[in-house]
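Participant: In order, the protein sequences belong to chains A and B. Residue numbers are given in the working numbering: position 6 of the first sequence equals residue 6, and the series is strictly consecutive. Residue numbers are given in the working numbering: position 191 of the second sequence equals residue 191, and the series is strictly consecutive.
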Amino acid sequence: MHKLLRINQGIKSNQIFSFNKWTTIFEYELLAFWATKGQVFNLLFLYPILNLLFFGVGISSFAPKDVSTFGTTNYLAFIFPGILGINIFRTFSHVIYRLTLDKRYGLQGLKIGAGTGILGYILGMFIVPTMICIIQACVVFMILIILSPPPLGVSITFY
Amino acid sequence: MTHYAITIHDLTKIYKGNKFVLNKFSAHALKGNLLGLIGPNGAGKSTLIHLIAGVIRPTTGMIQLSIQSSEKLAWVSQTTTLDWYLTVLDNVRLGARLGGLSVKESYHAAKQAMEILGIAEYSHTGVDELSGGQQRKVQIARALAQQADILILDEPTIGLDYKSSDLFIKFLQDLTKQGKTIIISSHDLTLLEKYIDHVWVLDNGLLKTDQNLSTLLQATNHSCKIDLVVDYEGALDDFFLSALQSKGFYIYNKKPLSVSCNEDIDTNEFIKSLLENVKISSIQSKKWISFRFITN
Numbered sequence: 001m002h003k004l005l006r007i008n009q010g011i012k013s014n015q016i017f018s019f020n021k022w023t024t025i026f027e028y029e030l031l032a033f034w035a036t037k038g039q040v041f042n043l044l045f046l047y048p049i050l051n052l053l054f055f056g057v058g059i060s061s062f063a064p065k066d067v068s069t070f071g072t073t074n075y076l077a078f079i080f081p082g083i084l085g086i087n088i089f090r091t092f093s094h095v096i097y098r099l100t101l102d103k104r105y106g107l108q109g110l111k112i113g114a115g116t117g118i119l120g121y122i123l124g125m126f127i128v129p130t131m132i133c134i135i136q137a138c139v140v141f142m143i144l145i146i147l148s149p150p151p152l153g154v155s156i157t158f159y
Numbered sequence: 001m002t003h004y005a006i007t008i009h010d011l012t013k014i015y016k017g018n019k020f021v022l023n024k025f026s027a028h029a030l031k032g033n034l035l036g037l038i039g040p041n042g043a044g045k046s047t048l049i050h051l052i053a054g055v056i057r058p059t060t061g062m063i064q065l066s067i068q069s070s071e072k073l074a075w076v077s078q079t080t081t082l083d084w085y086l087t088v089l090d091n092v093r094l095g096a097r098l099g100g101l102s103v104k105e106s107y108h109a110a111k112q113a114m115e116i117l118g119i120a121e122y123s124h125t126g127v128d129e130l131s132g133g134q135q136r137k138v139q140i141a142r143a144l145a146q147q148a149d150i151l152i153l154d155e156p157t158i159g160l161d162y163k164s165s166d167l168f169i170k171f172l173q174d175l176t177k178q179g180k181t182i183i184i185s186s187h188d189l190t191l192l193e194k195y196i197d198h199v200w201v202l203d204n205g206l207l208k209t210d211q212n213l214s215t216l217l218q219a220t221n222h223s224c225k226i227d228l229v230v231d232y233e234g235a236l237d238d239f240f241l242s243a244l245q246s247k248g249f250y251i252y253n254k255k256p257l258s259v260s261c262n263e264d265i266d267t268n269e270f271i272k273s274l275l276e277n278v279k280i281s282s283i284q285s286k287k288w289i290s291f292r293f294i295t296n
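#1: With burial defined as no fewer than 16 other Cβ atoms inside 10 Å of the residue's Cβ, what is the status of D174 (chain B): buried or exposed?
#2: Tell me, please, whether the stretch 21 to 36 of chain A touches the stretch 119 to 129 of chain A by the rule of three or more beta-carbon pairs shorter than 8 angstroms.
#3: So, at 7 angstroms on beta carbons, what are the nonlocal neighbours of N33 (chain B) in its own chain, with the 5 sequence-adjacent residues on each side left out?
#4: Within the stretch 123 to 162 of chain B, note down every full beta strand (DSSP E) run reaching 3 residues or more, in order along the chain.
#5: Which chain E residues are close to G106 (chain A), counting only those with a beta carbon under 7 angstroms from its beta carbon?
#6: Classify N91 (chain B) as helix, strand or coil using the three-state DSSP reduction.
#7: Put T157 (chain A) into one of helix, strand or coil per three-state DSSP.
#8: What do you get for C133 (chain A), buried or exposed, if any count of 16 or more other CB atoms within 10 angstroms of its CB means buried?
#9: For a cutoff of 7 angstroms on Cβ pairs, would you count G132 (chain B) as touching chain A?
#10: For the stretch 39 to 116 of chain B, which segments carrying the beta strand (DSSP E) assignment without a break, of at least 3 residues, lie completely within its bounds, in sequence order?
#11: How would you call N253 (chain B), buried or exposed, if buried means at least 16 neighbouring beta carbons within 10 angstroms?
#12: Within 6 angstroms: the Cβ of E269 (chain B) and any heavy atom of the ligand FMN?
#13: What does K287 (chain B) pair with, by DSSP beta-bridge criteria?
#14: Where DSSP assigns a beta bridge to H28 (chain B), which residues make up the other side?
#15: Any contact of the stretch 159 to 174 of chain B with the stretch 121 to 140 of chain B, i.e. 3+ C-beta pairs under 8 angstroms?
#16: Does the distance from the C-beta atom of D237 (chain B) to that of S281 (chain B) stay below 7 angstroms?
#17: Any C-beta of chain A sitting closer than 7 angstroms to the C-beta of S69 (chain B)?
#18: What separation, rounded to the nearest whole angstrom, lies between the Cα atoms of S77 (chain B) and I271 (chain B)?
#19: Using a C-beta to C-beta distance shorter than 8 angstroms, which residues of chain B count as neighbours of K37 (chain A)?
#20: How many angstroms separate the CA atom of D266 (chain B) from the CA atom of S46 (chain B)?
#21: If we ignore side chains and look at the alpha-carbon of each, how far apart do I49 (chain B) and E71 (chain B) end up?
#22: If you run the structure through DSSP and keep just helix, strand and coil, what is D197 (chain B)?
#23: Please report the residue range of the beta strand (DSSP E) in which N262 (chain B) lies.
#24: For S242 (chain B), report the span of its alpha helix (DSSP H) as first-last.
#25: So, is the C-beta of L98 (chain B) closer than 7 angstroms to a C-beta in chain A?
#26: In its own chain, which residues sit with a C-beta less than 6 angstroms from the C-beta of Y4 (chain B), not counting the 5 before and 5 after it?
#27: Counting C-beta neighbours from all protein chains within 10 Å, is the total for F25 (chain B) 16 or more, i.e. buried, or is it exposed?
#28: In chain order, what residues of the same chain lie with their CB nearer than 6 angstroms to the CB of T69 (chain A), ignoring the 5 residues before and after it?
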């Protein structure tokens, strides 16, 4: 049975969130991410490792050998949040690019207008980069553990 | 009882700078109708389509759609609306997924839509590798895959060859027989005239005509035009051609002779005078609606 659907506010008045549509947006972001296979490897492994090597191992060679310079934290642990920050910034820049493309080419209106809702759309767009950031963090963390002085991992303390 | 798929009441859209794009537009679209939306550039056709699709917000007024949910409305934008990262299949499948189909069903719906549009062979090709016309077909296929009850198409035949356009509009006409309501905006009046049931004529944001096509054709007889394409042997001199122009014929091409004139001009006399000069191999004629009645 059809009902009357009233539209008088544009896409902003439509449903805020739809689980089914949210999964569609997520599925398409995953497809778009996978479509650039080279980037999958770069984003997940290469960039975090390069950042870590450059900022961690490379620059640390200029740092004083006395660990007390960094309080109770060793240099690699000290730069961990910074490395994560760089990776998060890079990953989310890509989302901003995808959002801009969607808006520029009218896909945003199509997706939200079909009942995804603004919240569903935004969540769908951000879930993939969030997953990427988590994997990056794990990769960086594991490398830090390997590179940190023994006992492994114990020296990583955050303030 | 009359069933309206779309009811629009006093719809007004004003953009920045107090420019009226649509001014108190009120109309109904009957369920199962193929409705042609025509008008010159800047008449407000695309704005109306965006408003019905719910992409932009009206300044005042209301639109009522007789559908279960917003996913039952599909639209094709005038501009290229594709995800450039994805293949043709995934782009088409997006329509089906947004239409509420499962992943498995979406593959089936997408393949069907691609076969209708003749792009099935490009399934795994990136959309950036296709020609403009093929990209247009991908957009249309995506809207078809959505399996919506209301389809709104903003100049869908741009970039399509005549045969594809004709087949596509005929297919849309078949869809209306299944109860779907379709609004199609186009400048290709010859094509629209063959298939549409109803016409909305917009000019400068105002609804000039809201009529059944056959009623409109009767009411605007004076504004119909006739195209004649004459294939002939021999040569026509410039004197004859300029005489034709002075009688109200617009000449598009000299060989084959392609002319257009108002319906009230006697074309028999034209053919007689032509026979005096050359040997005619074939004549094709086609009547079409002129934009002239919009401004009259």
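Beta carbons: idealized from backbone N, C-alpha and C, even for Gly.
Facilitator: Put simply:
#1: The residue given as residue 174 (chain B) occupies position 174 in the second sequence. It counts as exposed.
#2: Note that the stretch 21 to 36 of chain A touches the stretch 119 to 129 of chain A; at least 3 beta-carbon pairs, one per stretch, sit closer than 8 angstroms.
#3: Numbered from 1 along the second sequence, position 33 holds the residue referred to as residue 33 (chain B). Same-chain partners within the cutoff: T176, T181, D197 and H198.
#4: Correct list: 150 to 154.
#5: Of the chains in the structure shown, none is chain E; the protein chains are A and B.
#6: Position 91 of the second sequence, counted from the first residue, corresponds to residue 91 (chain B). Look at N91 (chain B) here: in three-state DSSP terms it is helix.
#7: Position 157 of the first sequence, counting from 1, holds the residue named residue 157 (chain A). Residue placement at T157 (chain A) is flagged as unreliable, the pLDDT there being 49, under the threshold of 50; the coordinate-derived value follows with that caveat. Coil at T157 (chain A), not helix or strand.
#8: To locate residue 133 (chain A), count along the first sequence from 1; it is residue 133. Residue burial annotation: C133 (chain A) is buried, with at least 16 other C-beta atoms found within 10 angstroms of its C-beta.
#9: The residue labelled residue 132 (chain B) in the question sits at position 132 within the second sequence. So, not an interface residue.
#10: Whole beta strand (DSSP E) segments, 3+ residues: 60 to 66 and 73 to 76.
#11: Your numbering for residue 253 (chain B) matches position 253 in the second sequence. Under this definition N253 (chain B) is an exposed residue.
#12: Inclusion of the ligand FMN in the displayed structure is not the case, the ligand content being empty and no account of it being possible.
#13: Start at 1 with the first residue of the second sequence, and residue 287 (chain B) comes out as number 287. BP columns for K287 (chain B) point to B:I226.
#14: Here residue 28 (chain B) refers to the residue found at position 28 when the second sequence is read from its first residue. Looking at the DSSP output, H28 (chain B) sits in a beta bridge with B:T7.
#15: Taking 8 angstroms as the limit for Cβ pairs, the verdict is that the stretch 121 to 140 of chain B does touch the stretch 159 to 174 of chain B.
#16: Reading the second sequence from its first residue, position 237 is the one you call residue 237 (chain B). Reading the second sequence from its first residue, position 281 is the one you call residue 281 (chain B). Going by C-beta atoms, D237 (chain B) is not nearer than 7 angstroms to S281 (chain B).
#17: Here the question's residue 69 (chain B) lines up with position 69 in the second sequence. The beta-carbon of S69 (chain B) is placed less than 7 angstroms from the nearest beta-carbon of chain A.
#18: Within the second sequence, the letter at position 77 stands for residue 77 (chain B). Within the second sequence, the letter at position 271 stands for residue 271 (chain B). Their backbone Cα atoms lie some 43 angstroms apart in a straight line.
#19: Translated into positions along the first sequence, residue 37 (chain A) becomes position 37. Against chain B, a Cβ distance below 8 angstroms from K37 (chain A) picks out nothing, because the smallest value is about 11 angstroms.
#20: Here residue 266 (chain B) is taken as the residue at index 266 of the second sequence, counted from 1. Here residue 46 (chain B) is taken as the residue at index 46 of the second sequence, counted from 1. Our two residues, D266 (chain B) and S46 (chain B), have alpha carbons roughly 38 angstroms apart in a direct line.
#21: Translated into positions along the second sequence, residue 49 (chain B) becomes position 49. Translated into positions along the second sequence, residue 71 (chain B) becomes position 71. Computed Cα separation, rounded: 16 angstroms.
#22: The residue given as residue 197 (chain B) occupies position 197 in the second sequence. Here D197 (chain B) sits in coil by DSSP.
#23: Here residue 262 (chain B) refers to the residue found at position 262 of the second sequence. Where N262 (chain B) is concerned, the enclosing beta strand (DSSP E) stretches over L257 to N262.
#24: Position 242 of the second sequence, counted from the first residue, corresponds to residue 242 (chain B). Per DSSP, S242 (chain B) belongs to the alpha helix (DSSP H) from D238 to S246.
#25: Within the second sequence, residue 98 (chain B) is the residue found at index 98, counting from 1. Judged by the 7 angstroms Cβ criterion, L98 (chain B) is in contact with chain A.
#26: Along the second sequence, read from residue 1 onward, the residue named residue 4 (chain B) stands at position 4. Closer than 6 angstroms at Cβ, skipping near neighbours: H28.
#27: Against the second sequence, residue 25 (chain B) aligns to sequence position 25. F25 (chain B) is buried by the Cβ-count criterion.
#28: The residue given as residue 69 (chain A) occupies position 69 in the first sequence. Bear in mind that a pLDDT of 49 at T69 (chain A), under 50, signals an unreliable position, so the number given afterwards is only what the model happens to contain. Within the same chain, and ignoring the five residues on either side of T69 (chain A) in sequence, no residue has its Cβ closer than 6 angstroms to its Cβ.
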